[in-house]
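Just so you know, we're using the working numbering here: the sequence shown kicks off at 23 and counts up by one. In this text, a Cβ means the ideal position worked out from N, Cα and C, and glycines have one as well.
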Amino acid sequence: MGTIINSIAIIIGSVIGTFLKKGISEELQNSIFSILGVAIIIVGLNGVLSNMASVVDGLIVTSNEILLIISLSLGVLIGELLKIDEKLNNFGKSLEDKYKIGGFAKSFVSGTLIFCVGAMAIVGSLNDGLTNDYSLLLIKSLLDGIVSVILSATMGIGVLFSFIPVGIYQGSITLLASFLNPFLSSELISLICMVGYTLVITIGLNFTFKTNIKTANLLPSLLIPIIYYFIF
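Next comes the structure, spelled out in structure tokens:
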């Protein structure tokens, strides 16, 4: 459901953008993204706490803090060594430079890369498939809807058709997660979500406080709880 809503948001935003030839002012863009960043942080915090905190005898007790720290530390180490963020950022540019695409194709490819390349697409789709919670994809839909307005106003209607690869990409991740769900314990799913929501917080921090946390380099962190669970 989350991916369907995301695709619809891109379509609606792109249609609106074609009628706004002057686009949206940079000041308004910054204000909107800053506020949405706050919402992302709140959703991330709520997700982390709901997966690592519990009430025992009237007291709030947290667990797996050490695992979270280890997951993030090892994850960012792996991500930095593999240069995941750098490779993702260079992918779109190299694609355009290599094939010299322009017009409709350029707007289509640009939209596809912006909407698909990012931690929220992966974490949101995983969360949708594992827990049937698509709140992250709803926020991504708002973001993508706004971005599609801006892109289509400046680059053309090709942005609209990027909803197709977005639907296939995110839908595939969600379906895979749904398939694996019966084979994963609720405890393991909770650990994965705990780390995933932490990554979401970093996205919100980047939007609101203009930090430069390379969230893509943290993606390997999602694998650490799985390794920990099956070893220990």
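Go ahead and label residue i buried or exposed: buried means 16 or more other beta carbons lie within 10 angstroms of its beta carbon, across all protein chains shown.
i, result
"residue 109", "exposed"
"residue 142", "buried"
"residue 249", "exposed"
"residue 85", "exposed"
"residue 75", "exposed"
"residue 242", "buried"
At which residues does the alpha helix (DSSP H) containing residue i begin and terminate?
i, result
"residue 174", "157-177"
"residue 38", "24-40"
"residue 217", "208-231"
"residue 247", "246-253"
"residue 205", "Here residue 205 belongs to no alpha helix (DSSP H), and DSSP marks it neither H nor E."
The beta strand (DSSP E) spanning residue i covers which residue range?
i, result
"residue 82", "81-84"
"residue 139", "It is not in any beta strand (DSSP E) - residue 139 carries neither H nor E in the DSSP assignment."
"residue 77", "75-78"
For residue i, collect the residues of the same chain with a Cβ closer than 6 Å to its Cβ; drop the 5 residues on either side in sequence, then sort them by chain order.
i, result
"residue 193", "25"
"residue 233", "227"
Which whole-angstrom value is the C-beta distance of residue i and residue j, which I expect to be below 8 Å?
i, j, result
"residue 15", "residue 31", "Because the chain spans 23 through 254 in this model, residue 15 falls outside it and cannot be assessed."
"residue 93", "residue 211", "The Cβ separation is near 15 Å, so there is no contact."
"residue 214", "residue 244", "6 Å"
Residues in the same chain with beta-carbon distance under 8 Å from residue i, minus the five sequence neighbours each way, listed in chain order, please.
i, result
"residue 77", "83"
Look at the alpha carbon of residue i and the alpha carbon of residue j, and state the distance between them as a whole number of angstroms.
i, j, result
"residue 161", "residue 176", "23 Å"
"residue 71", "residue 80", "16 Å"
"residue 128", "residue 174", "11 Å"
"residue 134", "residue 145", "17 Å"
"residue 187", "residue 126", "15 Å"
"residue 149", "residue 139", "17 Å"
"residue 167", "residue 60", "17 Å"
"residue 169", "residue 27", "15 Å"
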